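S.K.: Dropping a structure here in structure tokens format, bear with me for questions.
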Amino acid sequence: MSDACCGGEDTTTERPAGELLAARDEPGTPWWRDPALLVPLVSGVALLLGHLIHPGLFWIALILGGSRFIPQSMRKLITGQPGGRLGISLLMTISATGSVALGYVGEAAALAFLFSIAEALEERAMQKARAGLRSLVNLIPETVTVRRDTTTETIGITALNVGDTVIVRPGERIPTDGTVVGGEGALDTSAVTGESIPMTVGPGDPAPAGSIAVGSPLDIHADAPGTDNSLTTIVSIVTRAQAEKGTRARMADRVARPLVPGVLLMAVAVAAIGSLLGDSDVWIERALIVLVAASPCALAIAVPVTVISAIGAASRFGVIIKSGAAFERFGAVNRIAFDKTGTLTRNTPTVVSVDGPPDLLTLAAAVEKHSTHPLAAAVTAAVAEVDIPDAQDIEEHPGQGISGHIDGRRITVGSPRFNPPGALQHRVDELESDGRTVIVVCADDAAIGIIGIIDSLRDEAPDTITALHRMGMQVTMLTGDNLRTASAVGTDCGIRDIRAELLPVDKAAVVSGSGWAMVGDGINDAPALASADIGIAMGTTGTDAAIESADIAFTGHSLTLLPQALAHARSGRRIMNQNIALALAVILVLPPLALTGVLGLAMIVFIHEVAEIVIIINGLRASRTAVSTRR
């Protein structure tokens, strides 16, 4: 939380990787056991009962609500902590005190309740965002199997050192960055690079932390310790980015802060100078009325009432916004970056071209149905189950292909490096230039055809990009894939700014400037989602870490939600600005009228209440979701 809000201390700190590993299972505090939220809620109940039953209950509401910001603001004032001496919380404290001094305990109680509940909700949202770090850390296994000299043993991840040989069985995650020194197979790197198609590896090939061994066991030489690798670096980036977000003041705080010293000096001057020139009692009372006139009650609710309405409305069309601060920033973004795999594409490899005899796919599927490789699943999915013949003598070649006998012929399906394409080499080069993954089908060691596979573009992607361009958005694609594949996808969906072959930290660097939103769904996107002004996670197919690291999550899978959500946020931002303008007008106009005696305390309070009602009604307009996607 920001110091300017209520004087609370920022609890978001960057923690060492080893400490994060040890704290991977820390539970979160449920809302019904969180005093920061329960105390303001009880304050609101006491305020309501004070109006309905007895005014004496206003004191309970005042004490409970004020306990969330008055002690902290006074402590910061006394100790002189930077950024906390003259914040909105201090002015709220003085305004509440002044209201009580003039006998308006109910007004003071309402002020305390509104301010404390807004701050409690903001703090709760930040706690939920920080919980996403546990999902990142959980990608790292707690124990690993290593071979040291001639013995094999299981050790804790924190005991893994550079130079150890790690034995990774099929389905297990690689615990740290390393190099393959034994075995051949494939690595599912989708959680690290975002690429849905596993990469084949053999001795000498890199093996990134967090990737999963597919098909056969691998021996990995540890190039980094278990507590300091690419995954723990991602955790550190997310931690640092969330800490920076936690110290940003809200819009209302930034506007109110310069007013505080002026209001205080004006009230002191009115009391002092007026007492010298006339009746001291009159001028001291007038000084207190000036403080009440300058009370930022309307300003304090101008943003929260709009944000709460808008966030609730967004959830009804499948957009989950995690905090008010995120909603404010979302309405101001003008640049948006998309991850490719799983965001612009479906994250499902699909057969898109077949070159060869009519039965090429069925022959390939007959042997591929015995494999668990994702490319094999793409081939079998392209053929009806009843059309697939039986194959015998199945033999899998990890990282290369698979073979079997069909009607006396040996059918082999594999990569162009395993199955030389012969006369089809030109077509293989052509497909790979278009970003396709190619497998070659051989019969008795002679190539008879090739199959092109691609992770298909989402149907709605081109229309979504067009809509974003109409809204004046700059659109960029960020991916760890090769430039040929990225360019093909970018061209198909209308994105001209394409940045390929990026590591997670590279993506984070691109979107770390002002005004960026990042859309992604994988672990590799988490640093960029956290570093951007707004991180947007796609659908329930996205990883937990991506969803929890983001500021916004889509419950559905359609990209068409994005232009609608952006238009909704821009509409809400306009409403917030209108409310802030009205609140500032009240603060700027009423104090001079109170100072000159034109308006008494009763009229000052009445105008404040009317302004608050107008702001609430205007803020509720943000609950409407039928907004245009035009700029």
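Going by UniProt numbering, 201 is the number at position 201 of the sequence shown; the sequence numbering is gapless.
Every residue gets a Cβ at the ideal spot worked out from N, C-alpha and C, and that includes glycine.
Note that the structure is predicted; figures quoted are calculated from it, not measured.
Work out the CA separation of Gly50 and Gln578 for me, nearest whole Å.
M.R.: 32 Å
S.K.: Look up Thr151 in the DSSP assignment and say whether it is helix, strand or coil.
M.R.: Three-state result, Thr151: strand.
S.K.: Have a look at Pro55, Gly156, Leu102, Ala553 and flag the residue whose alpha-carbon is nearest the alpha-carbon of Phe330.
M.R.: Nearest of Pro55, Gly156, Leu102, Ala553 to Phe330, Cα basis: Ala553.
S.K.: So is Arg409 buried or exposed if we call it buried at 16+ other beta carbons inside 10 Å?
M.R.: exposed
S.K.: Applying the criterion that 16 or more other CB atoms from any shown protein chain within 10 Å of the CB defines a buried residue, is Trp283 buried or exposed?
M.R.: buried
S.K.: DSSP state of residue 632, grouped into three classes?
M.R.: The structure shown has nothing for residue 632, since the chain only spans 1 to 631.
S.K.: What are the boundary residues of the beta strand (DSSP E) that includes His405?
M.R.: It spans 401-406 - the beta strand (DSSP E) in which His405 sits, taken as one unbroken run.
S.K.: Please classify Val166 as buried or exposed, where buried requires at least 16 neighbouring CB atoms within 10 angstroms.
M.R.: buried
S.K.: How is Pro504 classed by DSSP in three states: helix, strand or coil?
M.R.: helix
S.K.: Considering only residues of the same chain and omitting the five flanking positions on each side of Leu599, which have a CB-CB separation below 6 Å?
M.R.: Same-chain partners within the cutoff: Leu593.
S.K.: How about Pro175 and Ile157: do their beta carbons lie closer than 7 Å?
M.R.: Yes, the pair counts as a contact, with Cβ atoms nearer than the cut-off.
S.K.: Cα-Cα, which of Val367, Ile402, Thr150, Glu395 is closest to Glu385?
M.R.: Val367
S.K.: Once DSSP output is grouped into helix, strand and coil, what is the label at Val180?
M.R.: strand
S.K.: Could you name the residues of the same chain whose beta carbon sits closer than 6 Å to that of Val440, not counting the 5 residues immediately before and after it, in chain order?
M.R.: The beta carbon of Val440 is closer than 6 Å to those of Pro416, Asn419, Pro421, Ala447, Ile450 in its chain, skipping five residues each way along the sequence.
S.K.: Sorted by chain position, which residues of the same chain lie with C-beta nearer than 8 Å to Thr143's C-beta, five sequence neighbours on each side aside?
M.R.: Here the set comprises Thr154, Ile155, Gly156, Ile157.
S.K.: Within 10 angstroms of its Cβ, does Phe606 collect 16 or more other Cβ (buried), or is it exposed?
M.R.: exposed
S.K.: Whose C-alpha, out of His469, Ile495, Asp149, is nearest the C-alpha of Thr479?
M.R.: Ile495
S.K.: In whole angstroms, give me the CA-to-CA distance for Leu64 and Gly106.
M.R.: Leu64 and Gly106: Cα-Cα distance of roughly 13 Å.
S.K.: If we ignore side chains and look at the alpha-carbon of each, how far apart do Gln72 and Pro203 end up?
M.R.: 60 Å
S.K.: Return the CA-CA distance between Glu244 and Ala530, expressed in angstroms with no decimal places.
M.R.: Caution is warranted here: a pLDDT of 47 is assigned to Glu244, below 50, making its placement in the model unreliable, and the coordinate value is therefore given only provisionally. Each residue's alpha carbon lies about 10 Å from the other.
S.K.: In three-state DSSP terms, what is Ile439?
M.R.: Reduced to three states, the DSSP call for Ile439 is strand.
S.K.: Specify, as a first and last residue, the run of the beta strand (DSSP E) that Leu38 falls within.
M.R.: Counting along the chain, Leu38 falls outside any beta strand (DSSP E), though it belongs to the alpha helix (DSSP H) covering 35-52.
S.K.: With the cut-off set at 7 Å, would you say Lys340 and Met477 are in Cβ contact?
M.R.: Yes, they are a contact pair.
S.K.: Quick check: the Cα distance between Pro389 and Ala382, rounded to an integer number of angstroms?
M.R.: 14 Å
S.K.: In chain order, what residues of the same chain have a beta carbon less than 8 Å from the beta carbon of Ser623, not counting five sequence neighbours either side?
M.R.: Correct list, in chain order: Ser309, Ala310, Gly312, Ala313.
S.K.: From Val379 to Pro358, what does the alpha carbon distance come to, in whole angstroms?
M.R.: 14 Å
S.K.: Using beta-carbon positions only, say whether Pro206 and Val162 come within less than 7 Å of one another.
M.R.: no
S.K.: List the endpoints of the continuous alpha helix (DSSP H) containing Gly171.
M.R.: From DSSP, Gly171 is part of no alpha helix (DSSP H); its letter is neither H nor E.
S.K.: I believe Ser211 touches Arg173 by the beta-carbon criterion, under 8 Å. Please report the beta-carbon distance rounded to the nearest angstrom.
M.R.: That belief holds up - the Cβ atoms of Ser211 and Arg173 are roughly 7 Å apart, short of 8 Å.
S.K.: When the distance is taken between beta carbons, is Pro40 closer than 7 Å to residue 701?
M.R.: The displayed coordinates of the chain run from 1 to 631. Any statement about residue 701 would go beyond what the structure contains.
S.K.: Can you give the Cα-Cα distance for Ser512 and Ser280, rounded to whole angstroms?
M.R.: 56 Å
S.K.: Suppose the cutoff is 6 Å on Cβ atoms and the five residues either side in sequence are ignored; what does the same chain contact list for Arg631 look like?
M.R.: The predicted position of Arg631 is uncertain, since its pLDDT is 42 and thus under 50; a value taken from the coordinates is nonetheless stated next. Result list for Arg631: Met471, Gly472, in chain order.
S.K.: Name the residue from Ala488, Leu37, Pro296, Met576 whose alpha carbon lies nearest to the alpha carbon of Thr93.
M.R.: Checking every option, the nearest Cα to that of Thr93 belongs to Pro296.
S.K.: With a Cβ-Cβ cutoff of 7 Å, do Ser353 and Gly435 count as a contact?
M.R.: No, these two residues do not count as a Cβ contact at 7 Å.
S.K.: Just list the alpha helix (DSSP H) runs in the segment 291-318, keeping only unbroken ones of 4 residues or longer that don't cross its boundaries, in chain order.
M.R.: 297-316
S.K.: How is Pro349 classed by DSSP in three states: helix, strand or coil?
M.R.: Strand at Pro349.
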